[in-house]
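Down below is the structure, laid out as structure tokens.
There are 2 protein chains.
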Amino acid sequence: MASITPTRDRLLDAFEELLIEHGERAATLEGVAAAAGVSKGGLLYHFGSKAALIDGLLARLSDLVAEDIADIRSAPAGAVDFLIRTSASAGTPFDRTFVAVTRLAQGSHQQAKDMLAGFRRDWVAVIEEAVGDRDVAQMIALISDGLFYESTVSDAKDSTVDYLSPAGLDGLLAVIARVIPKRD
Amino acid sequence: MASITPTRDRLLDAFEELLIEHGERAATLEGVAAAAGVSKGGLLYHFGSKAALIDGLLARLSDLVAEDIADIRSAPAGAVDFLIRTSASAGTPFDRTFVAVTRLAQGSHQQAKDMLAGFRRDWVAVIEEAVGDRDVAQMIALISDGLFYESTVSDAKDSTVDYLSPAGLDGLLAVIARVIPKRD
DNA sequence: GTCTATACGAAGATAGAC
DNA sequence: GTCTATCTTCGTATAGAC
Chain Y
63 MASITPTRDR LLDAFEELLI EHGERAATLE GVAAAAGVSK GGLLYHFGSK AALIDGLLAR
123 LSDLVAEDIA DIRSAPAGAV DFLIRTSASA GTPFDRTFVA VTRLAQGSHQ QAKDMLAGFR
183 RDWVAVIEEA VGDRDVAQMI ALISDGLFYE STVSDAKDST VDYLSPAGLD GLLAVIARVI
243 PKRD
Chain B
63 MASITPTRDR LLDAFEELLI EHGERAATLE GVAAAAGVSK GGLLYHFGSK AALIDGLLAR
123 LSDLVAEDIA DIRSAPAGAV DFLIRTSASA GTPFDRTFVA VTRLAQGSHQ QAKDMLAGFR
183 RDWVAVIEEA VGDRDVAQMI ALISDGLFYE STVSDAKDST VDYLSPAGLD GLLAVIARVI
243 PKRD
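Set out below in structure tokens:
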């Protein structure tokens, strides 16, 4: 429930873009404004300071995560399948916002860190609900983390991870299925 | 085989410290020099530019990784046990250098990205050698990634990961053991 | 080897015109 | 709602003294 004006959204998109592709250091007001096609002054009309720009990004993520959790719960093939298949950042709006906030968290932005920790808590809870075993749920959450992490560090091509393309994920899901307790 | 002088090493330590604790943006020449207890001019005697400072860090990592791979191969409890137990950054000199370089990679430093990809390749190869199954090896590598990633984002306390302390890792290793093919 | 002084462009932010 | 001009501080780098 944050953005109304199109320019505001374009500015957040540009901010994400720079954080993802070139890191914190490149995500300057000048850079963001240019990437969004406005001047620095134009940006500062919508976001009065860099802190306000960051707040705008965090608010956007907050909205998107609520949707994501709902999607996981209602996924036809089950929560684990959905989570693993969507872990690797694939460039969806949600993925982009999430990766961008990750960069801020790694730059030690405390609020970003807290927000990411909160979301992870929710994900782990949903998985545990689905598999009924705490250790297995934790393992699956870690695999999800691993997929996400690798997708944000390695270049798509010549990656050392077999599973960054949706097609290859079946093998991984098959291995995971072997440790999920059967239920009656 | 890079550093000889103690000041040089202290500067690299300080550079790592800032990258890890406060991100790229805080890792300025001024900041690094101050953290190492020298002046900006002092730093620039040892590393003539910021690029040289980064090169120094990459060279340090290169040395440390060679040792790590050797440790994995010769670990008494096996490669998988060793890898999983040492994945979460625990603040060893190797961990610190590795996390610091990860920050550079996420800031889109290409050489850092390539170096990390190369190391991961080695690790995956060692795991596959140990477990004899590609999918299982990939899964274990992802869990290792997940442990590492979480250890660099979440605050030690109130973490959502059960396994960031060595004590809790047995449960995770037990689950992993269930999918490793038995050999004769 | 380490320091101070200085140059210069980049980054965040304000004021006011259109 | 967007722009230009301007201010201040920060970040990188050079020169030269100690």
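Going down the list, the sequences are from chains Y and B.
If you count the first sequence from 1, you need to add 62 to reach our numbering.
If you count the second sequence from 1, you need to add 62 to reach our numbering.
Ideal Cβ positions, reconstructed from N, Cα and C, are used throughout, including at glycine.
Just so it is clear, the structure is predicted and the values come from calculations on it, not from any experiment.
How long is the line joining the alpha carbons of A203(Y) and A121(B), rounded to whole angstroms?
-> 33 Å
Using the rule of at least 16 other Cβ atoms within 10 Å of the residue's Cβ for burial, across every protein chain shown, is S136(Y) buried or exposed?
-> exposed
Between the Cα of G230(B) and the Cα atoms of I146(B), G99(B) and P138(B), which residue gives the shortest distance?
-> I146(B)
Chain Y contacts from the region 199-213 of chain B (Cβ-Cβ distance under 8 Å) | Q200, M201, A203, L204, I205, S206, D207, G208, L209, F210, Y211 and E212
Where S65(B) falls: helix, strand or coil (DSSP) = The predicted position of S65(B) is uncertain, since its pLDDT is 49 and thus under 50; a value taken from the coordinates is nonetheless stated next. The answer is coil: DSSP assigns S65(B) none of H, G, I, E or B.
Between the region 76-101 of chain B and chain Y, which residues of the former have CB atoms less than 8 Å from a CB of the latter, in chain order?
-> E83, H84, G85, E86, R87 and A88
Assign S111(Y) to one of two classes, buried (16 or more other C-beta atoms within 10 Å of its C-beta) or exposed (fewer than that).
-> exposed
Output the distance between the C-alpha atoms of L73(B) and A98(B), rounded to the nearest integer angstrom.
-> 5 Å
Could you check the C-alpha separation between L226(Y) and V100(B) for me, to the nearest Å?
-> 44 Å
T222(B) touches chain Y at which residues, Cβ-Cβ below 7 Å?
-> A179, R182, R183 and V186
Measuring only between beta-carbons, confirm whether G240(Y) sits less than 7 Å from chain B.
-> As written in the sequence, residue 240(Y) is Arg, which differs from the Gly given in the question. By this cut-off, R240(Y) is an interface position.
Which same chain residues, not among the five before or five after A76(Y), have their C-beta less than 6 Å away from its C-beta?
-> V94, A97 and A98
Partner residues on chain Y for D217(B), Cβ-Cβ distance less than 8 Å | K175 and A179
What residues in the region 151-169 of chain Y have a beta carbon less than 8 Å from any beta carbon of chain B?
-> T164, R165, A167, Q168 and G169
Given a threshold of 16 other Cβ atoms within 10 Å of its Cβ, counted over all protein chains shown, does Q173(B) qualify as buried or as exposed?
-> exposed
Could you spell out where the alpha helix (DSSP H) holding K175(Y) opens and where it closes?
-> Q172 to V193
Since A192(Y) contacts A150(Y) with CB under 8 Å, what's their CB separation in whole angstroms?
-> About 20 Å; that fails the 8 Å criterion.
So, does the CB of V237(B) fall closer than 7 Å to a CB anywhere in chain Y?
-> yes
CB-CB under 7 Å to A167(B), same chain, minus the five flanking residues each way: which ones, in chain order?
-> A174, K175 and L178
Locate the alpha helix (DSSP H) running through V163(Y), then write down its first and last residues.
-> P155 to Q168
With a Cβ-Cβ cutoff of 7 Å, do R165(B) and E86(Y) count as a contact?
-> no
Span of the alpha helix (DSSP H) holding D130(B)?
-> K112 to R135
Inter-residue spacing [alpha-carbon to alpha-carbon] between A199(Y) and D220(B) | 18 Å
Using DSSP with H/G/I as helix, E/B as strand and the rest coil, what is I242(B)?
-> coil
Find the nearest neighbour of V163(Y) within the set I238(Y), T148(Y), G118(Y) and R183(Y), judged by alpha-carbon distance.
-> G118(Y)
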